[in-house]
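Below: the structure, in structure tokens.
There are 2 protein chains.
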Amino acid sequence: MPGSSSIPRDVSKLKFQISVSLDGFVAGPNPSEENPLGEGGEQLHEWVLKLAAWRQPHGREGGETNASSPIFEAATADVGATIMGRDMFGGGPGPWGEDPWQGWWGEEPPFHHPVFVLTHHEREPLELEGGNSFTFVTDGIESALTQAKQAAGGKDVAIGGGAEAIQQYLSAGLVDEMLLSVVPVLLGGGRRLLEGLAPDLGFEQVEVVEAPGVAHLLYRAA
Amino acid sequence: MPGSSSIPRDVSKLKFQISVSLDGFVAGPNPSEENPLGEGGEQLHEWVLKLAAWRQPHGREGGETNASSPIFEAATADVGATIMGRDMFGGGPGPWGEDPWQGWWGEEPPFHHPVFVLTHHEREPLELEGGNSFTFVTDGIESALTQAKQAAGGKDVAIGGGAEAIQQYLSAGLVDEMLLSVVPVLLGGGRRLLEGLAPDLGFEQVEVVEAPGVAHLLYRAA
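So this is what it looks like as structure tokens:
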């Protein structure tokens, strides 16, 4: 039956969610191996770490439910594949070595779908528990997106981070939807997300949601 | 009667409202005398220029009423004095000259209360119609604030702009409340508002409002 196994590309969006400070930073100044979020950067994520909707898939108990919960759930529920930069996967800047890094997330990462890692260093795919697979893509962001959309089976593709990977997709005009979660802190320096982007990248406001300690701003490509 | 004529300083807030692009700019790149808002900067103000609540005090007819209207009205209704930088008042960078500049607003500016202009060039106060007065303050932002609070008679003091004046008050930790109106455009460059500010400036989120084509984020000093 023609079409039954084809990918409905028109409904599969490329999207990301990221927490950003009032002054536009997604990580604070002076990031280090011990503190990759930079000085003060951990404050950007407090709102999500206390959500039950975040804690449960990360194997932690408790947590609260508030106006951020449906936002977080909607951003993650319909995702069939994730793309991430090498920094987010971890393992240092060089080649993979003989006892290769398996990511930050232990035996069963919280994705439960195929993940595509942007890297310059080839490596065989990695299969972990719970439907988690990591495919290492060395031929660019468009190749990673094509592979991720195929793997997502009609669901959305999320850019997990970091900021550099997101910026590459934004610059290329490939992002369909972005959720900026604005946290009322000033970091005074660090890594900006929306920098050096051409003004002809058009976005329209879809939804604005007030939640405890964070403002969620949802935009889609115009 | 003691206290009857004293200024209730604890309820008189210093506040500002400003429109900001998604990438954090309050004016676009390459501002000029003809286009002081820089390339694309006029897009930041479209939401307010079409409000009846803005048009009426500026002597224009028509306009619409939407979710931005009460936000704009609340930001302006309880203001008893305005502080602005020399750029916003206009008149060029030098001294005032013999036929001095009277501001951009004609015979009856839309403030209808005392305005204090931060400048390096002394000048006698200027009285215009409709309760508009302009006092030129050469001895710094704290002096201007003291004079403005006195003149406001218990009402709030607004910083009218531009970005430099706002930054000076933010840096000095003197701002009580700020309303950022985030417009879904990318300017790609220009003048940032929240730049070089110390992380110990604490703000807490007060209110988040979704309106057509703009997200209003209200914060107060923590």
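So the sequences go chain by chain: A and B. The first sequence begins at 5 in our numbering and counts up one residue at a time. The second sequence begins at 5 in our numbering and counts up one residue at a time. Every residue, glycine too, gets a C-beta built ideally from N, C-alpha and C.
* Asked: Exposed or buried, what is A/P113 when buried is set at 16 or more other beta-carbons lying within 10 Å of its beta-carbon?
  -> Buried, because 16 or more other Cβ atoms sit within 10 Å of the Cβ of A/P113.
* Does DSSP classify A/S185 as helix, strand or coil? -> A/S185 carries a strand assignment under DSSP once its states are collapsed to helix, strand and coil.
* Asked: Going by Cα to Cα distance, which pick from B/E128, B/L149, B/K153 is closest to B/A169?
  -> For the residues B/E128, B/L149, B/K153, the minimum Cα distance to B/A169 belongs to B/L149.
* Give a yes or no on whether the minimum CB-CB distance between A/E211 and chain B is below 8 Å. => For A/E211, the answer is yes, since a Cβ of chain B falls inside 8 Å of its Cβ.
* Check the Cβ-Cβ distances between B/A225 and every residue of chain A, and say whether any is below 8 Å. => For B/A225, no Cβ of chain A is located within less than 8 Å of the residue's own Cβ.
* To do: State the DSSP-derived secondary structure class of A/A202, mapped to helix, strand or coil.
  => In this structure, A/A202 counts as coil in the three-state DSSP scheme.
* Name the two residues that bound the continuous beta strand (DSSP E) containing A/T150. => Here A/T150 belongs to no beta strand (DSSP E); instead the alpha helix (DSSP H) covers 145-156.
* Measure the C-alpha to C-alpha separation of B/T139 and B/A162 and round it to an integer number of angstroms. => For B/T139 and B/A162, the distance between alpha carbons rounds to 15 Å.
* Asked: Just to check, is the beta-carbon of B/E102 closer than 7 Å to a non-hydrogen atom of the ligand GDP?
  -> With respect to the ligand GDP, the structure offers nothing, as it holds no ligand at all.
* Asked: Between the C-alpha atoms of A/A202 and B/G192, what's the straight-line distance to the nearest angstrom?
  -> The straight-line gap from Cα to Cα measures roughly 6 Å.
* Asked: Using a Cβ cut-off of 7 Å, which residues of the segment 20-35 of chain A contact any Cβ in chain B, in chain order?
  -> Identification of residues in the segment 20-35 of chain A having a C-beta nearer than 7 Å to some C-beta of chain B yields L26, D27, G28, given in sequence order.
* Residue range of the unbroken alpha helix (DSSP H) whose run includes A/S175 -> Unbroken alpha helix (DSSP H) run through A/S175: 167-175.
* Asked: Would you say A/P203 reaches chain B, if we count a Cβ-Cβ gap shorter than 8 Å as a contact?
  -> Answer yes: the Cβ-Cβ gap between A/P203 and chain B drops below 8 Å somewhere.
* Asked: Quick one: any contact between the segment 180-190 of chain B and the segment 101-119 of chain B, if contact means 3 or more CB pairs under 8 Å?
  -> Counting Cβ pairs under 8 Å, fewer than three are found: no touch.
* Asked: DSSP beta-bridge partners for B/D160?
  -> In the DSSP assignment, B/D160 forms a beta bridge with B/V83.
* To do: At 9 Å on the CB atoms, spell out the chain B contacts of A/E46, in chain order.
  => None at all; the shortest Cβ gap to chain B is about 12 Å.
* Under the DSSP definition of a beta bridge, which residues are partnered with A/A220? -> According to the sequence provided, residue 220 of chain A is His. The question's Ala does not apply to it. Among the bridge pairs identified by DSSP, A/H220 is matched with A/S185, A/V213.
* To do: For A/R13, decide whether its Cβ has a neighbour in chain B, counting only Cβ atoms nearer than 8 Å.
  => Its pLDDT being 44, under 50, A/R13 is placed unreliably in this model, and the coordinates cannot settle the point.
* As assigned by DSSP and simplified to three states, the class of B/Q47 -> Taken through DSSP and simplified to helix, strand or coil, B/Q47 comes out as helix.
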